[in-house]
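Asker: Those letters in the first sequence? Residues -18 to -1, 1 to 598, per mature numbering (1 follows the signal peptide of the UniProt record, and there is no 0), in order. Using N, Cα and C, we set each Cβ at its ideal position, and we do this for glycine too. Just so it is clear, the structure is predicted and the values come from calculations on it, not from any experiment. The structure that follows is given in the form of structure tokens.
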Amino acid sequence: MMKFVIFNSRFLPHSAASALTCCLTSYSVITVSHFSTNPNPNIPFKPKPHFPCSSNPPHARLQHLLLEKSKVGFDKLDDALQLFDKMLLMKPLPTVINFTQLLTALVKMKHYSVAVSLFRKMRVESIPVDIFTITTIINCFCHLDRVDFAFSLLAGIIKHGFVPSVVTYTTLIRGLISLDMLQEAQLLFQNLIRFQLIQPDVVTYTIIIDGICKRGNPSVAVKLFKIMEKKGCRPNTVTYTTIIDCLCKHRLIDQALGLLHQMTRKGISPNVMTYSSLIQGLCDFNRWHDVKQLLKEMDLRNISQNVFTYSILIDAYCKEGMIEDAEDVIELMIQRGHYPNVVTYNSLMDGYCLQGEVDKALVVFESMTRKGILPNTLSYNILINGYCKKFKVDRAIDLFQQMPSEGLTPSIQTYSTILQGFFHAGRHVEARKFFKEKMINQGVELDKVTCRILLHGLCQNSYVVEALSFFQILECRGLVPDIHVYTILMDGLSKNGHLENARSLFDNLPLKGLRPDVKTYTMMIQAYCHEGLLDEANELFREMEGNDCLPDDVTYNMLIRGCLQNKNYCEAGVLLDEMLGHGFAADASTASVLVDLLDVQEQDHALLALCKKYLP
DNA sequence: GTAGGGTTAG
């Protein structure tokens, strides 16, 4: 539980105290007379000093240097630290602006905790700070996920008479949101307005809109977007891009395109990020014509595509098997001075493998290495997967063994792919050997996918006892098997004559905190039908709805075939009607069961009626 | 001349 250290409110202006306390009442409140982030609470904050003479050559040089570094950061952390020490010794002392610029440079370098410790040093040395310095440090605490320290610092400075700005509060709002405390952030936002502490600006609104978007709530985000406009706060490119990206991710691509037109009408220019989000959204729907349209529009507006834009296109084309289009994009990007990287080539290799053309993928791999672009683990995984799918597990193993010499460590996906490859090729003895020698003995950490692959492979090859004992090892190791893993195991048990074990695992699912899903139910129904236990199958089927789990077309077909094979034609008829009522159709294998039954010339009227009704 | 925000890809 995070604790917010709240201040002794009698030191605070009333409105500030109310706003902040309102925001944080749901958290443990500790009232303190000083704040924990201040290493020496008795040091008063000094007022802002007069500017020293900047015509002093060392000071002028310092100002020039810091102006640049605060924008791009230092090349090395040590350079920043050395400069800081030098600044402490300068006479007269550099300005608060110079110190803040140095801290900002550290933020640019993401050295947040270093910035905090330099700030502490400044406090110990009684170097004056201002609200800009403090906001920078509050931002650092937020990036370090220590919003509690950030609030504590805020309380301390208010106590000392500093007035936090809209930037200070906006920083805190972002900090709360990044800790997934959206509600608290919104409460703070509302209270800041209510107590008139700040007038939220476009950044404040955009941060909250982004928080709402990341919670997956585009309609609420759009609502706030409209509210900000109504309150006279004009959205800018970032605000529009945030909303457009969110709409695209939620497949509301036409609404997103509408906003693109709206922003251009209002004279707010979209940029490469805005267009990239939209292009990604359009690619997800294979709207290639619209994609080309947007690319043209970018050219017309002189917005140049970047490596990300090209990667989105290449990946989308490859996934759809449009490899020639992907190759065209690569050619175009090279023409425009952007060079394909390992991500680009991996997309292309994956595209070829999806087409079953692993040899062409290998050509890409080789040309990439010739160009001096180093393959990464994913490059190998793509090729290994390509070969496994083609039953060429030995080629996959060659690549696997080649990885360490390239300085690459196989990932759990690499292992899983090979394991599945062995099983897929019917080489289950080698699969088990690979698992034992290369994975267990080497201490490779397993994930759920590996467990599924192994259990499925073992069960399919009748190693049920081995599967069961592996399953128990998993539980002992504290790896919590999910419902998919259970379903695979229960399926294996029932198909290998251990229906009772499967049933007892199934009955104990609630004890493990697991709920059967459609696949679990369907599998059990199939198992019961196979054993001729139609009553049990039916009972389970009726139980599904009560458990908030609706049968799908597979479930229906499974049970209908069970009824047919057990000569319960009336029940089959009822279920068929019910299934059609739900908009599902009888599948090929149900139809073929009906045909088979007719072939043996069953003289059952109910069956004949069924066939007449459901067979063409 | 100092502080806060939006794809970071497979």
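Please classify residue 101 as buried or exposed, where buried requires at least 16 neighbouring CB atoms within 10 angstroms.
Answerer: Buried, since its Cβ has 16 or more Cβ neighbours within 10 Å.
Asker: Would the beta-carbon of residue 159 fall within 8 Å of that of residue 135?
Answerer: Not in contact: residue 159 and residue 135 (Cβ atoms no closer than 8 Å).
Asker: Kindly indicate the opening and closing residues of the alpha helix (DSSP H) around residue 186.
Answerer: Residues 184 to 196.
Asker: In this structure, how does DSSP classify residue 467 when only helix, strand and coil are distinguished?
Answerer: Residue 467: helix per DSSP, three-state reduction.
Asker: By alpha-carbon positions, which one of 369, 234, 459, 236 ends up nearest to residue 433?
Answerer: Ranking 369, 234, 459, 236 by Cα distance to residue 433 puts 459 first.
Asker: Count the CB pairs spanning the segment 78 to 89 and the segment 101 to 113 that are closer than 8 Å, and state whether there are at least three.
Answerer: Yes, since at least three Cβ pairs between the segment 78 to 89 and the segment 101 to 113 fall closer than 8 Å, the two stretches touch.
Asker: How would you label residue 316, buried or exposed, when you count the other beta carbons within 10 angstroms and need 16 or more for buried?
Answerer: Exposed, since its Cβ has fewer than 16 Cβ neighbours within 10 Å.
Asker: The alpha helix (DSSP H) spanning residue 554 covers which residue range?
Answerer: Run containing residue 554: 551 to 563, per the alpha helix (DSSP H) assignment.
Asker: What's the C-alpha gap between residue 364 and residue 464?
Answerer: Spanning the two alpha carbons is a distance of roughly 27 Å.
Asker: Do residue 398 and residue 431 have their CB atoms nearer than 8 Å?
Answerer: Yes, the Cβ-Cβ distance between residue 398 and residue 431 is below 8 Å.
Asker: To the nearest angstrom, how far is the alpha carbon of residue 223 from that of residue 239?
Answerer: Going from the Cα of residue 223 to the Cα of residue 239 covers about 11 Å.
Asker: Are at least three pairs of beta-carbons, each pair with one atom in the segment 265 to 272 and one in the segment 242 to 249, less than 8 Å apart?
Answerer: No, because fewer than three Cβ pairs between the segment 265 to 272 and the segment 242 to 249 fall closer than 8 Å, the two stretches do not touch.
Asker: Between the C-alpha atoms of residue 281 and residue 274, what's the straight-line distance to the nearest angstrom?
Answerer: Each residue's Cα considered, the two are about 11 Å apart.
Asker: Going by the beta-carbon positions, is the gap between residue 599 and residue 359 smaller than 8 Å?
Answerer: Outside the displayed range of the chain (-18 to 598) lies residue 599, so it cannot be described from this structure.
Asker: Return yes when the Cβ of residue 124 is within less than 8 Å of the Cβ of residue 176, no when it is not.
Answerer: In this structure, residue 124 does not lie closer than 8 Å to residue 176 by Cβ.
Asker: Which of the three DSSP states is assigned to residue -13 in this structure?
Answerer: For residue -13, the predicted structure reports a pLDDT of 37, less than 50, and the residue's modelled location is therefore unreliable. The matter cannot be settled from this model.
Asker: For residue 12, count neighbouring C-beta atoms within 10 Å of its own C-beta (all shown protein chains included) and say buried if the count is 16 or more, exposed if not.
Answerer: Reliability fails at residue 12, whose pLDDT of 27 lies under 50, so the model's placement of it is uncertain and the value that follows must be treated cautiously. Label assigned to residue 12: exposed.
Asker: Taking the alpha helix (DSSP H) that residue 67 falls in, what are its first and last residues?
Answerer: Residues 59 to 71.
Asker: Report back the beta-carbon spacing between residue 446 and residue 475 to the nearest angstrom; my notes put them in contact at under 8 Å.
Answerer: That belief holds up - the Cβ atoms of residue 446 and residue 475 are roughly 6 Å apart, short of 8 Å.
Asker: I need the straight-line Cα distance from residue 544 to residue 577, nearest angstrom please.
Answerer: About 15 Å.
Asker: Comparing alpha-carbon positions, which option in 302, 596, 499, 147 lies nearest residue 534?
Answerer: Of the candidates 302, 596, 499, 147, the one whose C-alpha sits nearest the C-alpha of residue 534 is 499.
Asker: Roughly how many whole angstroms lie between the Cα atoms of residue 345 and residue 420?
Answerer: Straight-line Cα distance between these residues: approximately 28 Å.
Asker: Under a three-way DSSP split, which group does residue 137 fall into?
Answerer: Residue 137: helix per DSSP, three-state reduction.
Asker: Quick check on the DSSP output: the alpha helix (DSSP H) that includes residue 101 runs from which residue to which?
Answerer: Residue 101 -> alpha helix (DSSP H) spans 94 to 106.
Asker: Assign residue 286 to one of two classes, buried (16 or more other C-beta atoms within 10 Å of its C-beta) or exposed (fewer than that).
Answerer: It counts as exposed.
Asker: Any idea if residue 62 is buried or exposed, counting beta-carbon neighbours within 10 angstroms, 16 or more meaning buried?
Answerer: Flag for residue 62 reads buried.
Asker: State the Cα-Cα distance for the pair residue 524 and residue 556, rounded to the nearest angstrom.
Answerer: Near 13 Å, if we compare the C-alpha coordinates of residue 556 and residue 524.
Asker: Quick one: residues in its chain with C-beta nearer than 6 Å to the C-beta of residue 385, no 5 flanking neighbours on either side, listed in chain order?
Answerer: If we look at residue 385 and ignore the five residues flanking it on each side, its Cβ neighbours are 362, 392.
Asker: With distance defined between alpha-carbon atoms, name the residue in 179, 180, 178, 203 nearest to residue 190.
Answerer: It is 203.
Asker: Just checking my contact of residue 109 with residue 75 at CB under 8 Å: how many whole Å lie between their CB atoms?
Answerer: With a Cβ gap of about 7 Å, residue 109 and residue 75 count as contacting.
Asker: Nearer than 7 Å: is that true of the beta carbon of residue 47 relative to any heavy atom of the ligand NAD?
Answerer: Inclusion of the ligand NAD in the displayed structure is not the case, the ligand content being empty and no account of it being possible.
Asker: For the alpha helix (DSSP H) containing residue 307, name the first residue and the last one.
Answerer: Counting along the chain, the alpha helix (DSSP H) containing residue 307 begins and ends at 305 to 317.
Asker: Kindly indicate the opening and closing residues of the alpha helix (DSSP H) around residue 152.
Answerer: Looking at the DSSP string, the run of the alpha helix (DSSP H) that includes residue 152 is 148 to 160.
Asker: Going by DSSP in three states, residue 445 sits in which element: helix, strand or coil?
Answerer: Note: residue 445 maps to coil in three-state DSSP.
Asker: Rounded to the nearest angstrom, what separates residue 253 and residue 130 at their Cα positions?
Answerer: Their backbone Cα atoms lie some 36 Å apart in a straight line.
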